[in-house]
Structures are given as structure tokens and as C-alpha cells.
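If you count the sequence shown from 1, position 122 lands on 121 in numbering that gives the first Met the number 0, and the numbers rise without skipping. Glycine included, C-beta positions come from ideal geometry on N, C-alpha and C. Bear in mind that the values here come from a model prediction, so they are computed numbers and not experimental data.
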Amino acid sequence: MPFKAFSRFTAFITLSLTLLGGPALAEKADKDKPMNIEADNMRHDEAKKTSQFTGNVVAVKGTMVMRAARMEVQENDQGQQIAYFWAAPKERIFFRQKRDGLNEYTEGEAEMAIYDKQSDVMTLIQRAEARVLRGTEVSNQVTGQKIVYNNTTEVMSVDGQAKGLNPSGRTERVRAVLTPRKDGAAPAASSTPMLRTSPDLGESKKP
0 MPFKAFSRFT AFITLSLTLL GGPALAEKAD KDKPMNIEAD NMRHDEAKKT SQFTGNVVAV
60 KGTMVMRAAR MEVQENDQGQ QIAYFWAAPK ERIFFRQKRD GLNEYTEGEA EMAIYDKQSD
120 VMTLIQRAEA RVLRGTEVSN QVTGQKIVYN NTTEVMSVDG QAKGLNPSGR TERVRAVLTP
180 RKDGAAPAAS STPMLRTSPD LGESKKP
């Protein structure tokens with residue numbers, strides 16, 4: 000039986016989700032922290048093993064904050080979880096997470112995001128953007144139709160021409176801005192992961 004939705008329903012759920020650290024190493028302590036999800040409405044289907052959150056969704060996991068219009072968590076028979084995030088029409092989802100041991104943050108935006116717990120991979124889809132803030136200044140920034148980040152290998156793939164993701168039909172190119180660290184600045188806890196373009200990353204399935 001689905002849960003009855005409440006106005007500004009606040010749910011506290013422990014999910015094994017290590018959400019995107021972006022083009023940098025995420026805060027290590029975030030991994031073992033629970034995810035707190037707040038939304039206008041929630042519906043849980045035990046038979047299908049899905050939890051749906053709608054309306055001003057805010058998911059907080061340690062230093063990571065994710066904002067979306069809609070979120071769905073799916074779990075298979077083996078207990079593996081995938082989280083989906085959608086933005087409102089003409090808007091983008093937003094995330095922010097602190098880098099480990101540094102006064103730096105990773106931010107990202109896209110029309111949709113998918114996090115696969117088993118593979119530890121975050122995918123930002125359509126009008127995707129990821130950036131690193133050193134203090135209040137944007138240092139590194141990359142945009143494309145699809146950004147795929149592997150938290151384990153620290154490899155980021157950016158596709159500017161992902162099939163079916165550009166409604167205008169125009170050829171898009173990946174754009175990146177990489178700013179060198181100033182002399183005397185503290186070195187990164189982990190070097191920026193390899194960045195590569197991909198001619199075809201394949202299609203992500205929507206539920």
C-alpha cells in the first residue's frame with residue numbers, strides 16, 4: 000500500500016548512494032551518511048520496490064545537496080539501487096558537494112540525472128554542466144549533452160552529440176574551461192580525473 004502524501008513531506012531514508020563528486024574527489028565522509036529526502040509528496044510501492052518523490056525535491060547526503068522536481072529510487076531483487084532525478088520543464092536539476100579536505104565544491108546541472116549504485120556512476124543528461132568552485136570562483140567547467148562520471152576510476156566522459164538528446168538537431172561540441180591552480184594554493188586531495196570526449200556513450204534508459 001503506498002504511503003499517503005503529506006504537504007511538505009519529509010522522509011529520512013538510509014540509501015546506499017554515493018552521489019556524484021563531479022570532476023573532483025567527493026567528500027569521503029559522505030559515503031556512509033544517510034540520505035535525507037524532502038518533497039511535497041511521496042509514494043512508495045513495496046511490490047515494485049520503488050519510492051517516488053515529487054514537488055521541490057531536496058536530497059541531502061552529507062555535504063551533497065541535490066535539487067529536482069521529481070526523484071525516483073528503484074531497487075531490484077538483489078538490493079541494488081538506482082536513483083533518477085528530473086527537472087521541471089525548461090529547468091535543470093542542481094547538485095553541490097564539497098571536495099575532500101579542500102575549500103572547494105563541485106556543482107552540476109542537467110535536465111535529468113541517473114545514479115547507479117552498483118557501478119558507482121553518475122550520468123547527467125541533456126544540457127549537462129559540471130564545474131568546480133574554489134572558494135566562490137569557478138575554476139574548471141565542462142558542458143555537453145551527456146556527462147558520465149565514474150566515482151571509482153575518476154574518469155569523466157563528456158558527449159556533445161549524444162543521440163536523441165539534442166531536440167534542435169544541431170551539432171553540439173563539448174566545451175571545457177580548465178583553470179590552473181594559483182602558486183601557493185593547496186594541492187588537490189586527488190588530481191582531476193581524466194577527461195575525455197566520447198562519440199557515443201549509448202542511451203540511458205528512463206523508467
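> Which one of 136, 144, 103 and 91 has the shortest CA to CA distance from residue 66?
Replying inline: Here residue 66 corresponds to residue number 67 of the sequence shown, with the count starting at 1. Measuring C-alpha to C-alpha distances from residue 66 to each of 136, 144, 103 and 91 identifies 91 as the nearest.
>> Would residue 142 and residue 173 qualify as a contact pair, given that the criterion is a beta-carbon distance under 9 Å?
In response: For the purposes of this step, residue 142 is identified with residue 143 of the sequence shown, where counting begins at 1. For the purposes of this step, residue 173 is identified with residue 174 of the sequence shown, where counting begins at 1. Here residue 142 is near residue 173, since their CB atoms are less than 9 Å apart.
> Taking contact to mean at least 3 C-beta pairs separated by less than 8 Å, is the region 92 to 110 in contact with the region 64 to 79?
Replying inline: Segments in contact, yes.
> Considering only residues of the same chain and omitting the five flanking positions on each side of residue 224, which have a CB-CB separation below 6 Å?
Replying inline: Residue 224 is absent from the model: the chain starts at 0 and stops at 206.
> Under three-state DSSP, which class holds residue 77?
Replying inline: The residue given as residue 77 occupies position 78 in the sequence shown. In the structure shown, residue 77 sits in coil (DSSP, three-state: anything other than H, G, I, E or B).
>> Quick check on the DSSP output: what are the complete beta strand (DSSP E) runs of length 3 or more inside the region 43 to 118, in order along the chain?
In response: Runs found: 49 to 60, 63 to 74, 80 to 85, 92 to 97, 103 to 109 and 111 to 115.
> Taking the alpha-carbon positions, what's the residue 105 to residue 97 distance?
Replying inline: By 1-based counting over the sequence shown, the position of residue 105 is 106. By 1-based counting over the sequence shown, the position of residue 97 is 98. If you take the alpha carbons of residue 105 and residue 97, they lie about 6 Å apart.
> Do residue 107 and residue 127 have their C-beta atoms closer together than 9 Å?
Replying inline: In the sequence shown, counting from the first residue as 1, residue 107 sits at position 108. In the sequence shown, counting from the first residue as 1, residue 127 sits at position 128. Going by C-beta atoms, residue 107 is nearer than 9 Å to residue 127.
> Quick one: Cα of residue 207 to Cα of residue 54, how far?
Replying inline: Missing from the structure shown is residue 207; the chain here goes from 0 to 206 and no further.
> Using CA coordinates, which residue listed in 74, 50, 33 and 130 is at the minimum distance from residue 103?
Replying inline: Within the sequence shown, numbered from 1, the residue matching residue 103 stands at position 104. The shortest C-alpha to C-alpha distance from residue 103 to any of 74, 50, 33 and 130 is the one to 130.
> Taking buried to mean at least 16 other C-beta atoms within 10 Å of its own C-beta, is residue 118 buried or exposed?
Replying inline: Against the sequence shown, residue 118 aligns to sequence position 119. Classification for residue 118: exposed.
> Can you find a heavy atom of the ligand GTP that lies under 8 Å from the Cβ of residue 104?
Replying inline: This structure does not include the ligand GTP; it has no bound ligands of any sort.
> Which stretch, first to last residue, makes up the beta strand (DSSP E) that contains residue 38?
Replying inline: As a first step, residue 38 must be located in the sequence shown, where it is residue number 39. In the DSSP assignment, residue 38 falls outside any beta strand (DSSP E), carrying neither H nor E.
>> Rounded to whole angstroms, what is the Cα-Cα separation between residue 176 and residue 43?
In response: Taking the first residue of the sequence shown as position 1, residue 176 is located at position 177. Taking the first residue of the sequence shown as position 1, residue 43 is located at position 44. Per the coordinates, the alpha-carbon of residue 176 lies some 42 Å from the alpha-carbon of residue 43.
> Cα-Cα, which of 110, 101 and 148 is closest to residue 135?
Replying inline: One-based indexing of the sequence shown puts residue 135 at position 136. Taking only the C-alpha atoms, the option nearest residue 135 is 101.
> Taking the alpha carbon of residue 82 as the point to measure from, which residue in 62, 115, 63 and 99 has its own alpha carbon closest?
Replying inline: Here the question's residue 82 lines up with position 83 in the sequence shown. The residue from 62, 115, 63 and 99 with its alpha-carbon nearest to that of residue 82 is 115.
> Which value, in whole angstroms, describes the spacing of the CA atoms of residue 137 and residue 78?
Replying inline: As a position in the sequence shown, residue 137 is number 138, starting the count at 1. As a position in the sequence shown, residue 78 is number 79, starting the count at 1. Going by the C-alpha atoms only, they are around 38 Å apart.
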